[in-house]
Amino acid sequence: MNNLREFNNYILDKYNGILNSDDLSSPLLISSDEVYNNSLKRRIMYVGQETNGWFNYGMLNKEVTAYNLEETYFNFLKNGASNSVFWRYIKQILEISDGQLINNVIWSNTFIAGKRNGIGTPDITRELFDISLEYLLYIREYFKPNHIILVNGPNNPYYELNKKFLKKIKSTLIDIYPTLSNPLVIDEENNILWTYHPGFQNRMRINKEIMVKIKNKII
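In my numbering, the protein residues as written are 615 to 833.
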């Protein structure tokens, strides 16, 4: 399936079949707008953890269309996303302004959805796990990023999905993971960099060191 809108519709249909989907946010679906795809000067796939509260406008997930979610994604990046530590981190690494985010970053998450309300890791069912893995694999193949930056850390449930993803694409990282003594691991062949979430990096005061190393690899 080489049409992103078609694939997003397929994923949304599967997502709405998850038993606990109404306890989850809407899924994070990447824009299929040709303007977005064609405007990407650098293709940096930036993978976080999950997006709690995404598109929670009082609608049930089954009332939301793929078009709604794609448009929200496009406008979010076009407007510079937010000033959270997660977004400041990638903007500083790439040395870009808010307005340049949409021309450089393909944003996705380990899990395609987070909690509908509150923060923290959602209830990870096997269905949510499988859909999230399928989406990450498709997005990598569809956009063919120059680099993939995983900032989801080595802890479960993110670790388990990361390992499945890395194994599927035959990455050299399947037998290693970030640690405090080696917080950034790199697959040179597949251009994958895996590290801790920026918030954790800040708390451990290792963010500047890691940012310099990532910047040296991708710029």
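Heads up, the beta-carbon is just placed ideally off N, CA and C, and yes, glycines get one too.
From what residue to what residue does the alpha helix (DSSP H) around residue i run?
| i | result |
| --- | --- |
| LEU780 | 772 to 782 |
| VAL649 | 648 to 653 |
| GLY813 | 812 to 818 |
| SER746 | 740 to 757 |
| ASN622 | 618 to 630 |
| TYR703 | 699 to 708 |
| LEU691 | 680 to 692 |
Leaving out the 5 sequence neighbours to the left and right, which residues in its chain are closer than 6 Å to residue i when beta-carbon positions are compared?
| i | result |
| --- | --- |
| TYR791 | PRO768 |
| PRO641 | TYR629, ILE726, ALA727 |
When you compare the CB positions of residue i and residue j, do they come within less than 8 Å of one another, or not?
| i | j | result |
| --- | --- | --- |
| ILE644 | TYR687 | yes |
| ILE710 | PRO759 | no |
| ILE806 | ILE762 | yes |
| ARG730 | GLY662 | no |
| ILE625 | TYR749 | yes |
| PRO812 | VAL765 | yes |
Using C-beta distances below 8 Å, list every residue in its chain close to residue i, excluding the 5 sequence neighbours before and after it, in chain order.
| i | result |
| --- | --- |
| THR793 | PRO768 |
| GLU684 | ARG619, ASN622, LEU643, ILE644, SER645, SER646, ASP647 |
Which residues mark the beginning and the end of the beta strand (DSSP E) in which residue i is found?
| i | result |
| --- | --- |
| TYR660 | 658 to 662 |
Who does residue i pair with in a DSSP beta bridge?
| i | result |
| --- | --- |
| LEU807 | ILE763, ILE800 |
| LEU715 | BP columns for LEU715 are empty, so no partner. |
| ILE720 | MET659 |
| LEU638 | LYS729 |
Excluding sequence positions up to five away, which residues of its chain have a Cβ less than 7 Å from the Cβ of residue i?
| i | result |
| --- | --- |
| ASN804 | ILE783, SER785 |
| PRO797 | THR809, TYR810, ILE820, ILE824 |
| query | Counting Cβ pairs, one atom from each stretch, are 3 or more of them under 8 Å apart for the segment 740 to 759 and the segment 623 to 633? | reply | yes
| said: For the pair the segment 692 to 699 and the segment 653 to 669, tell me if three or more CB-CB distances fall below 8 Å. | reply: no
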